[in-house]
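A.B. asks: Below you'll find the structure I mean.
2 protein chains.
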Amino acid sequence: MRADARENRARVLAVARELFAERGLDVPMAAIARRAGVGVATLYRRFPTKESLVLEAFTEQFAVCQAVIEEALTDPDPWRGFRTVLEKVCLLQATDRGFTAAFVASFPDMHSEVRERTWHGFAALVQRAKDSGQLRADFSPHDLTLVLLANSGLAGVPVEVAVAASQRLVAYLLEAFRAGTDALPPPVPLSLDLVLR
Amino acid sequence: MRADARENRARVLAVARELFAERGLDVPMAAIARRAGVGVATLYRRFPTKESLVLEAFTEQFAVCQAVIEEALTDPDPWRGFRTVLEKVCLLQATDRGFTAAFVASFPDMHSEVRERTWHGFAALVQRAKDSGQLRADFSPHDLTLVLLANSGLAGVPVEVAVAASQRLVAYLLEAFRAGTDALPPPVPLSLDLVLR
DNA sequence: TTGTAAGTGGAGGCCCCCGTCCACTTGGCG
DNA sequence: CGCCAAGTGGACGGGGGCCTCCACTTACAA
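Residue numbers (numbering that gives the first Met the number 0), protein chains in the order written: chain Z, 0 to 196; chain H, 0 to 196.
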């Protein structure tokens, strides 16, 4: 690949990440091209479809999510590990307006191996926190999806506000998740597949 | 107004409510017209713009919300009143896919008198619940908006699932809202105006 | 029954978005 | 330095959504 082409590709990706984060996934391809200082054709040469651009732009963030979970599993304090995962992932989501949509859109295309791995990681985290007696016994791993969806509802608001609001929401939820409170309605098997029609 | 015209108008409105609830506000006007068995022109004769149709279609629901708050204020048990408001409004929101968007879209067009009235009603409800010692002292009326936004994040999911998920979310949040728990990040002045860019 | 104003439907204008095509430019190897 | 494959930009086709226009139909009063 030619040097200028590689540079253009990188700039397009950076701009895409920027705009997706700022304005969500529905920024026009033309806007990305313009801001990157290239024509649309250049953009489509590197990313044959808008979806592929989205996927590429967000793989970084998905990796971060996975890393957050893996890291939390090494935390000696199970509850702190659990709490940190929710806080970090929700912060990511509140900061980046396209995050949820990208996640949902690319979920079926992710290698199921990766999905299983993160899912099992989180399940392990949950089990550890329950065993330590700090997480309520009727917490379901599906509640992670619930939190993610709830937190995604804040996407419409300006970023700084969304971040503050998300922090407060997560704080509320963490209090509710702590062991020793009343019974709940049964867990909802909120597999993310459901979000996809 | 001619008899047949009145009937058509009513049918359009019913269909609009149905489709907005099912598929959100982005159903094409043509789809509404087709399902109502009329042409688009008829639709635009009665509702000069899509926004006006949305507004008209949802005023009923807004009235319900207000009624829910007013009724809760007459409940002898302040906490039950408070709880019921959250439960009912969130159920409405989970059942109707267009609700949140319509609410946000028409919020600035509502007579400020109405807005003030519902807002003060809810504030009173909050104060009552705090005074009775059942609602935590650092709960902010703005947290209602927080709950609404969080709950709106469930909109993408099939209705039955959304309802169940919403119930679980609200149950979690209500536990967190009860008096006697730890400190939170400060309240976020989540006026709905913020959602409008 | 008949006139007419109110009512109606669907074609089409306008705009915006995704993705393609093609004539032109340019990096960098020989 | 010269060549050419790799790279580029912008016009354009296709589709879909909102709304308008206008020739036709229909309710209903006289």
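Glycine is no exception: its CB is placed at the ideal position from the N, C-alpha and C atoms. Predicted, not measured: the structure shown is a model, and the values here were computed from it.
1) Give the DSSP-derived three-state secondary structure of Z/K135 in the structure shown.
2) So if I threshold CB-CB distances at 7 Å, which residues from the stretch 151-176 of chain H count as touching chain Z?
3) Quick one: residues in its chain with C-beta nearer than 8 Å to the C-beta of H/L24, no 5 flanking neighbours on either side, listed in chain order?
4) Indicate whether the contact test is met: 3 or more Cβ pairs, each with one atom in the stretch 114-129 of chain H and one in the stretch 146-166 of chain H, closer than 8 Å.
5) Start and end of the alpha helix (DSSP H) containing H/F81?
6) Going by the CB atoms, is the gap between H/Q133 and H/A178 shorter than 8 Å?
7) How about Z/T94: is its C-beta nearer than 8 Å to some C-beta of chain H?
8) Is the shortest distance between the beta-carbon of H/V84 and the beta-carbons of chain Z less than 8 Å?
9) Mind reading off the beta-carbon distance from Z/F19 to Z/A62? Whole number of angstroms is fine, and I expect it under 8 Å.
10) What residues of chain Z sit near H/V39, judged by a beta carbon separation below 7 Å?
11) For the alpha helix (DSSP H) containing H/M28, list its first residue and its last residue.
12) For Z/V26, which option in Z/V37, Z/V14, Z/G36 has the closest C-alpha, if you only look at C-alpha atoms?
13) When you check each C-beta in the stretch 136-148 of chain Z against every C-beta of chain H, which residues fall closer than 7 Å?
14) What first and last residue would you give for the alpha helix (DSSP H) that runs through H/F102?
15) Taking a cut of 9 Å between CB atoms, which residues from the stretch 45-68 of chain Z lie near chain H?
16) So what does DSSP say about H/T73, is it helix, strand or coil?
17) Under three-state DSSP, which class holds H/R177?
18) Okay, do the stretch 70-89 of chain Z and the stretch 31-48 of chain Z touch, 3+ Cβ pairs below 8 Å being the bar?
19) Using the Cα positions of Z/A9 and Z/G38, report the straight-line distance between them to the nearest angstrom.
20) In three-state DSSP terms, what is H/D216?
21) Would you identify the three-state DSSP class for H/F61, choosing helix, strand or coil?
22) So what does DSSP say about H/D142, is it helix, strand or coil?
23) Check whether the stretch 174-190 of chain Z touches the stretch 141-148 of chain Z, counting contact only when three or more Cβ pairs, one atom from each stretch, lie closer than 8 Å.
24) According to DSSP, simplified to helix, strand and coil, what is Z/S190?
25) For the stretch 78-97 of chain H against the stretch 151-159 of chain H, do three or more pairs of beta-carbon atoms, one drawn from each stretch, fall closer than 8 Å, so that the two count as touching?
26) Taking the Cβ atom as the reference point for each residue, do H/A182 and Z/Y171 lie within a distance shorter than 8 Å?
27) Would you please verify whether the beta carbon of Z/P208 is less than 8 Å from any beta carbon of chain H?
28) Hey, out of Z/A154, Z/L90, Z/D130, whose CA is closest to Z/Q60's CA?
29) Report all residues from its chain with a CB closer than 7 Å to the CB of H/R22; omit the five preceding and five following residues, and keep chain order.
30) Suppose contacts are defined by Cβ-Cβ distances below 8 Å. Is Z/L85 in contact with H/G152 by that definition?
31) At 7 Å on the CB atoms, spell out the chain H contacts of Z/D181, in chain order.
32) According to DSSP, is Z/F121 part of a helix, a strand, or is it coil?
33) Quick one: grab the DSSP three-state call for Z/D3.
34) Is there at least one Cβ from chain H nearer than 8 Å to Z/L91's Cβ?
C.D. replies: According to the structure shown:
1) On the first sequence, residue 135 of chain Z is found 136 positions in, with the first residue counted as 1. Here residue 135 of chain Z turns out to be Arg, not Lys, going by the sequence shown. Residue state, collapsed to three classes: coil.
2) Flagged, chain order: S151, G152, L153, G155, V156, P157, V160, A163, A164, Q166, R167, L168, A170, Y171, L172, E174, A175.
3) The residue labelled residue 24 of chain H in the question sits at position 25 within the second sequence. Excluding sequence neighbours, H/L24 sits near V53, G97, A100, A101, A104.
4) No, because fewer than three Cβ pairs between the stretch 114-129 of chain H and the stretch 146-166 of chain H fall closer than 8 Å, the two stretches do not touch.
5) By 1-based counting over the second sequence, the position of residue 81 of chain H is 82. Here the alpha helix (DSSP H) through H/F81 covers 77-94.
6) Here the question's residue 178 of chain H lines up with position 179 in the second sequence. Here the question's residue 133 of chain H lines up with position 134 in the second sequence. Cβ distance < 8 Å, so H/A178 and H/Q133 count as in contact.
7) Looking up residue 94 of chain Z in the first sequence gives position 95. Not closer than 8 Å to any Cβ of chain H, the Cβ of Z/T94 fails to qualify, so no.
8) Counting from 1 along the second sequence, the entry for residue 84 of chain H is found at position 85. No, H/V84 does not count as interfacial toward chain Z.
9) Numbered from its first residue, the first sequence carries residue 19 of chain Z at position 20. Numbered from its first residue, the first sequence carries residue 62 of chain Z at position 63. About 16 Å separates the two Cβ atoms, so there is no contact after all.
10) The sequence position of residue 39 of chain H within the second sequence is 40, counting from 1. None at all; the shortest Cβ gap to chain Z is about 25 Å.
11) Mapped onto the second sequence, residue 28 of chain H falls at position 29. From DSSP, the alpha helix (DSSP H) with H/M28 extends over 28-35.
12) By 1-based counting over the first sequence, the position of residue 26 of chain Z is 27. The shortest C-alpha separation from Z/V26 is found at Z/V14.
13) From the stretch 136-148 of chain Z, only L145, L148 have a Cβ closer than 7 Å to chain H.
14) Position 103 of the second sequence, counted from the start, is the residue given in the question as residue 102 of chain H. Start and end: 98-105.
15) Those residues of the stretch 45-68 of chain Z that come within reach of chain H (Cβ to Cβ, closer than 9 Å) do not exist; the list is empty.
16) Stepping through the second sequence from its first residue, residue 73 of chain H is reached at position 74. The three-state secondary structure of H/T73, taken from DSSP, is coil.
17) Within the second sequence, numbered from 1, the residue matching residue 177 of chain H stands at position 178. The DSSP-derived three-state label of H/R177 is strand.
18) Touching, no, given that fewer than three Cβ pairs across the two stretches are closer than 8 Å.
19) As a working mapping, residue 9 of chain Z is identified with position 10 in the first sequence. As a working mapping, residue 38 of chain Z is identified with position 39 in the first sequence. If you draw a straight line from the Cα of Z/A9 to the Cα of Z/G38, it is about 14 Å long.
20) Nothing about residue 216 of chain H can be read from this structure; chain H reaches only from 0 to 196.
21) Residue numbering aside, residue 61 of chain H sits at position 62 when the second sequence is read from its first letter. Reduced to three states, the DSSP call for H/F61 is helix.
22) For the purposes of this step, residue 142 of chain H is taken as the residue at position 143 of the second sequence. Helix at H/D142.
23) Enough Cβ pairs lie closer than 8 Å, so yes.
24) In the first sequence, residue 190 of chain Z corresponds to position 191, counting from 1. DSSP places Z/S190 outside both helix and strand once states are collapsed to three, so it counts as coil.
25) Three or more beta-carbon pairs drawn from the stretch 78-97 of chain H and the stretch 151-159 of chain H are found closer than 8 Å, and the two stretches are therefore classed as touching.
26) Here the question's residue 182 of chain H lines up with position 183 in the second sequence. Here the question's residue 171 of chain Z lines up with position 172 in the first sequence. Not in contact: H/A182 and Z/Y171 (Cβ atoms no closer than 8 Å).
27) As shown, chain Z starts at 0 and ends at 196. That puts residue 208 of chain Z outside it, with no answer to give.
28) Start at 1 with the first residue of the first sequence, and residue 60 of chain Z comes out as number 61. That would be Z/L90, whose Cα lies nearest to the Cα of Z/Q60.
29) For this step, residue 22 of chain H is matched to residue 23 along the second sequence. These residues qualify, in order along the chain: R96.
30) For the purposes of this step, residue 85 of chain Z is identified with residue 86 of the first sequence, where counting begins at 1. For the purposes of this step, residue 152 of chain H is identified with residue 153 of the second sequence, where counting begins at 1. Going by C-beta atoms, Z/L85 is not nearer than 8 Å to H/G152.
31) Within the first sequence, numbered from 1, the residue matching residue 181 of chain Z stands at position 182. E174, listed in chain order.
32) Residue 121 of chain Z sits at position 122 when you count from the first residue of the first sequence. Helix.
33) Here residue 3 of chain Z corresponds to residue number 4 of the first sequence, with the count starting at 1. In the structure shown, Z/D3 sits in a helix (DSSP, three-state: H, G or I).
34) On the first sequence, position 92 is the one that residue 91 of chain Z refers to. No, Z/L91 does not count as interfacial toward chain H.
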